[in-house]
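**Student:**
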């Protein structure tokens, strides 16, 4: 772990951490989970010699202690920074922001009403028409043209680059933790940008390097300074592969096996240790929040394992040792993932021309005090556009579909079939593993030309599915108004943006030299409650603005000018910053022609290609019309298996 520096002097709230030796000026500096950079970590707990795949820790023990110490003493050796993408607007606080001072309570109330109005009411039977009344106007369609996988791919990306380390305002350190409070703090406080920058920190190194997949990496026998390190990811002992969890290959009564029914390696690896049963053995347990993102993480594990097999066969000089085999496979996985984030994810979800413009000129907006930093306008507002894409129900697989034995998969079910949900429809009777009727069928969530619009994500707009107004696994330890707020996603997002001094959407548009949306556009199609809340705000919260802009400029199927620019500038900044990214490869940018290939020579150029290479998406059909999945190099098993 990186060496610590002297704590800031007491009584000096403007002191910048690491003023003498700023470890965050290099991507190898400050990190929570990627301990291979900045020093060797030796855990002090009793079971330090346990095999890496047996670890159930979310953070390694001393890393967790370092984070707690950093929060207490304002020494942030174990975290990276947040900063503002548009620093000139931060300097204009509060003129470019929602009102503060004696208007905080009034603004907070308007934000709560706005958030309440953004959640759709639960679906129910339409009311009976009154005699002689005109027929009711049907609700506008909420389906976009974007396949549902992009919602959860975005969640996976978010977990890979952002982990907020905020905690309670406990009064420790000079001036207390201040912006490390939360939206439920009483009294509610809004913090100036300088305080936010100084006090809020990121538990991720935000370089799109898949540390949420790999953790600190495997250890191999005989490696110097690796014998006592401990990984948060589950690796196969003595192998370059990641472990997978198993599902039954026996059908449950009334349900079918999900193709291919004889493939058991279709869940996250899970703990069997007493007290942590079912918890995922992955670096970021947030990737088990719902079943779709969990299955996406499974696909990434399978892709890594499939790449290991490909390297062994096509680049055998890297397979001389397990270390060189792992390092080469990890590099290829990262390059493919990063390339797809740019050329599939961003091209799909941003306005045409914005990505190509910034690719041609380079990112120009983000100039943080510390080079390794995450823009707040991105993390707290713009990248939360994915919340509006979440559906209340999904065409998930052959069992959970319209007319299927289980009906469509509801959002509530997708939260229940996780480690925290007990992998069971009955929380009182948890199951040890994911049932055989619940693996995903990615063909239902990935086709851009699918005529069944129900398989698409919801439109990007200021209307959220009703399930996001009462989150199943959030706020359950609280009660009363605090519990209600923790479960209401829209209100949390709005209050957090206000608390952390995010500028208004209009101010950001002007700073980007984009014509701001008009008041009429911002209120179009909104309910009277939302209109009244907007009327009571002096400016539009950036998160709401980005959602509304996507509705106005992209018909809900891609982001508008402001949202697109924030996303593109952020991702390209992070990729250009990372000396190990595909964009910094010596000799020029890497592309999939230099990566893995299918047996017929086809490249991995879309997210569905990645899934197919990993063995979780069909590559064709057999003579009976049944889907065929890619096999491993021996032809005896499916691609992506862990070999254990």
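Numbering (our numbering), first residue to last: 361 to 1004.
Virtual Cβ for every residue (Gly too), placed ideally from N, Cα, C.
Assuming residue 742 and residue 923 are in contact, meaning their beta carbons sit under 8 Å apart, how far apart are those beta carbons, in whole angstroms?
**Tutor:** Sure, about 5 Å apart at Cβ, within 8 Å.
**Student:** First and last residue of the alpha helix (DSSP H) that includes residue 688?
**Tutor:** Note, residue 688: alpha helix (DSSP H), 682 to 700.
**Student:** Alpha carbon to alpha carbon, what distance is there between residue 554 and residue 737?
**Tutor:** Going by the C-alpha atoms only, they are around 15 Å apart.
**Student:** Helix, strand or coil for residue 948? Go by DSSP, reduced to three states.
**Tutor:** DSSP places residue 948 in coil when its eight states are reduced to three.
**Student:** Return the Cβ separation of residue 509 and residue 926 in integer angstroms, given the expectation that the two are a contact with Cβ distance under 8 Å.
**Tutor:** Incorrect: roughly 22 Å between the Cβ atoms, too far for contact.
**Student:** Can you give me the C-alpha to C-alpha distance between residue 862 and residue 503, rounded to a whole angstrom?
**Tutor:** Approximately 29 Å, taken between the alpha carbons.
**Student:** Looking at residue 569: is its Cβ nearer than 8 Å to the Cβ of residue 826?
**Tutor:** Against a cut-off of 8 Å, the Cβ pair of residue 826 and residue 569 comes out as no contact.
**Student:** Tell me residue 561's beta-bridge partners as DSSP assigns them.
**Tutor:** DSSP output for residue 561 lists 441 as bridge partner(s).
**Student:** Counting beta carbon pairs with one atom in the region 694 to 714 and one in the region 875 to 882, are three or more of them shorter than 8 Å?
**Tutor:** The region 875 to 882 is not in contact with the region 694 to 714.
**Student:** From this set, 782, 976, 686, 739, which residue's C-alpha is nearest residue 806's C-alpha?
**Tutor:** Ranking the options by Cα distance to residue 806, first place goes to 976.
**Student:** Quick check: the Cα distance between residue 755 and residue 616, rounded to an integer number of angstroms?
**Tutor:** Looking at the two C-alpha atoms, the distance is approximately 15 Å.
**Student:** Taking the C-alpha atoms as reference points, what is the distance between residue 607 and residue 970?
**Tutor:** Whole-angstrom Cα-Cα distance: 22 Å.
**Student:** In three-state DSSP terms, what is residue 994?
**Tutor:** Three-state DSSP puts residue 994 in coil, outside helix and strand.
**Student:** I need the boundaries of the beta strand (DSSP E) containing residue 508, first residue and last residue.
**Tutor:** No beta strand (DSSP E) holds residue 508; DSSP gives it neither H nor E.
**Student:** Starting from residue 735, trace the beta strand (DSSP E) in both directions and tell me its first and last residue.
**Tutor:** 733 to 735 is the span of the beta strand (DSSP E), which, as asked, contains residue 735.
**Student:** With a threshold of 8 Å, are at least 3 pairs of Cβ atoms found where one atom belongs to the region 951 to 961 and the other to the region 780 to 789?
**Tutor:** With a cut-off of 8 Å, the region 780 to 789 and the region 951 to 961 do not count as touching, because too few Cβ pairs lie within range.
**Student:** Given 8 Å as the limit, is there contact between the region 901 to 910 and the region 685 to 702, that is, 3 or more CB pairs closer than that?
**Tutor:** Counting Cβ pairs under 8 Å, fewer than three are found: no touch.
**Student:** Report the start-end ranges of each alpha helix (DSSP H) in the region 950 to 978 that is 4 residues or longer and not cut off at the edges.
**Tutor:** 967 to 973, all fully within the region 950 to 978.
**Student:** I'd like the span of the beta strand (DSSP E) that includes residue 817, first residue to last.
**Tutor:** It spans 816 to 818 - the beta strand (DSSP E) in which residue 817 sits, taken as one unbroken run.
**Student:** For the alpha helix (DSSP H) containing residue 926, name the first residue and the last one.
**Tutor:** Per DSSP, residue 926 belongs to the alpha helix (DSSP H) from 921 to 937.
**Student:** Please report the residue range of the alpha helix (DSSP H) in which residue 714 lies.
**Tutor:** Unbroken alpha helix (DSSP H) run through residue 714: 714 to 721.
**Student:** Are there 16 or more other CB atoms within 10 angstroms of the CB of residue 462, so buried, or fewer, so exposed?
**Tutor:** Residue 462 comes out exposed.
**Student:** What's the C-alpha gap between residue 706 and residue 718?
**Tutor:** Those two C-alpha atoms are separated by around 12 Å.
**Student:** Are there 16 or more other CB atoms within 10 angstroms of the CB of residue 887, so buried, or fewer, so exposed?
**Tutor:** Exposed: under 16 other Cβ atoms inside 10 Å.
**Student:** Assess contact between the region 973 to 988 and the region 596 to 612, defined as three or more Cβ pairs (one per stretch) separated by less than 8 Å. Is contact present?
**Tutor:** Touching, no, given that fewer than three Cβ pairs across the two stretches are closer than 8 Å.
**Student:** Over the uninterrupted alpha helix (DSSP H) stretch that includes residue 908, give me the two end residues.
**Tutor:** Where residue 908 is concerned, the enclosing alpha helix (DSSP H) stretches over 902 to 914.
**Student:** So residue 519 and residue 644 are supposed to be a Cβ contact under 8 Å. How far apart are they, rounded?
**Tutor:** So it is a contact: roughly 5 Å between Cβ atoms.
**Student:** Distance, Cα to Cα, residue 943 vs residue 762?
**Tutor:** Using only the alpha carbons, I get a separation of about 43 Å.
**Student:** Leaving out five residues on either side along the sequence, give the residues of the same chain with a beta carbon under 7 Å from the beta carbon of residue 572.
**Tutor:** Contacts found: 519, 520, 643, 644, 647.
**Student:** Using the C-alpha atoms, what's the distance from residue 682 back to residue 599?
**Tutor:** Distance between the alpha carbons of residue 599 and residue 682 is about 6 Å.
**Student:** For residue 703, which residues of its own chain have a beta-carbon under 8 Å away from its beta-carbon, when the five flanking residues on both sides are left out?
**Tutor:** Correct list, in chain order: 965.
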